[in-house]
Ligand code: MBD
Ligand code: FE
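In this note's numbering, the protein residues as written are 0 to 286.
Structure representation (structure tokens):
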């Protein structure tokens, strides 16, 4: 008997610890120095908000101990990236990008992997021969705020498969499945072929799942494509695109849906599946 694992054997603690490891290696905290006045201000205000909640609701020792046990579990399951990206990142993204004139973006989430295969346009994302899901032709143009096409812009895309699993975070999937970097042509145009992802549940068998169950919430995100769009001299755009009619557009657990990010795919006349056009407008790099 063989014991090869499939994506359905994914474990919260495994994907959580992989996301934690990837974050450590990302270099995001390497050159980081937060001034102590700022640390003191923010830590004091967060603690003050906790004190207010405790007093207002007369939080008991049992509840305090439940919290302590849960926080320990978040670390053990490697789920700090998942927890922070699901419940906090959306407001960081909001204040970080409020002066943008170009496209709205949204949160990155925990499952980005840099360095995906570079693909010429029109591209086919790496996928299995029998990859499930409705085929999707996704095309558009990358431009500057003044309308100038951005030749050679990079459209990095990553998304879950039709079962809601991401390559490199669930066993049995090819390394770069449904991940790629499409290079736009001289007019900033790009086209890529993929499959529509399914609505996605965050892992329910780890600490984040315990919170969701204990609170009686749900674990769903609407189906989404993740993107990072970049061109030299321009601000990186991190975004997600969603699908019209998805039942979780209005109750995304990660609060990351914006109306400008909802796609309206149409059935293709010339081939099976759907097609959709969506253009990206990038702000100039900050001076
Ligand atoms: C995801 O796929 C995701 O995009 C976010 C934000 C959180 C958890 C899983
Ligand atoms: Fe995602």
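Note that CB positions come from ideal geometry on N, CA and C, so glycine has one too.
Quantities reported herein were computed from a predicted structural model and do not represent experimental measurements.
Would the C-beta of residue i count as close to the ligand FE, meaning under 7 angstroms from any of its heavy atoms?
| i | result |
| --- | --- |
| residue 159 | yes |
| residue 223 | yes |
Can you find a heavy atom of the ligand MBD that lies under 7 angstroms from the Cβ of residue i?
| i | result |
| --- | --- |
| residue 106 | yes |
| residue 201 | yes |
| residue 21 | no |
| residue 218 | no |
| residue 241 | no |
| residue 253 | yes |
| residue 111 | no |
| residue 85 | yes |
| residue 81 | yes |
Are the Cβ atoms of residue i and residue j separated by less than 8 angstroms?
| i | j | result |
| --- | --- | --- |
| residue 79 | residue 209 | no |
| residue 201 | residue 85 | yes |
| residue 160 | residue 131 | yes |
| residue 280 | residue 262 | no |
| residue 109 | residue 175 | no |
| residue 163 | residue 5 | no |
| residue 139 | residue 278 | yes |
What residues in its chain sit with their C-beta under 6 angstroms from that of residue i, if we drop five residues either side in the sequence?
| i | result |
| --- | --- |
| residue 189 | 120, 154, 181, 183 |
| residue 223 | 239, 241 |
| residue 136 | 192, 274 |
What does a CB cutoff of less than 7 angstroms around residue i pick up in its chain, not counting 5 residues either side in sequence?
| i | result |
| --- | --- |
| residue 133 | 194, 195, 272, 273 |
### Message
Which runs of the alpha helix (DSSP H) at least 4 residues long sit entirely within the segment 39 to 115? Give them in chain order.
### Response
60 to 75, 79 to 86, 88 to 95
### Query
Is there contact between the segment 247 to 263 and the segment 181 to 194, where contact requires at least three CB pairs shorter than 8 angstroms?
Look at the beta carbons and you see the segment 247 to 263 not touching the segment 181 to 194: under three pairs across the two are nearer than 8 angstroms.
### Message
For a minimum of 4 consecutive residues, which ranges assigned as the alpha helix (DSSP H) are wholly contained in the segment 202 to 248?
### Response
Counting whole runs of 4 or more residues, the segment 202 to 248 contains the alpha helix (DSSP H) stretches 206 to 214.
### Task
Determine, using beta-carbon pairs with one atom in the segment 145 to 154 and one in the segment 225 to 239, whether at least three such pairs fall under 8 angstroms.
yes
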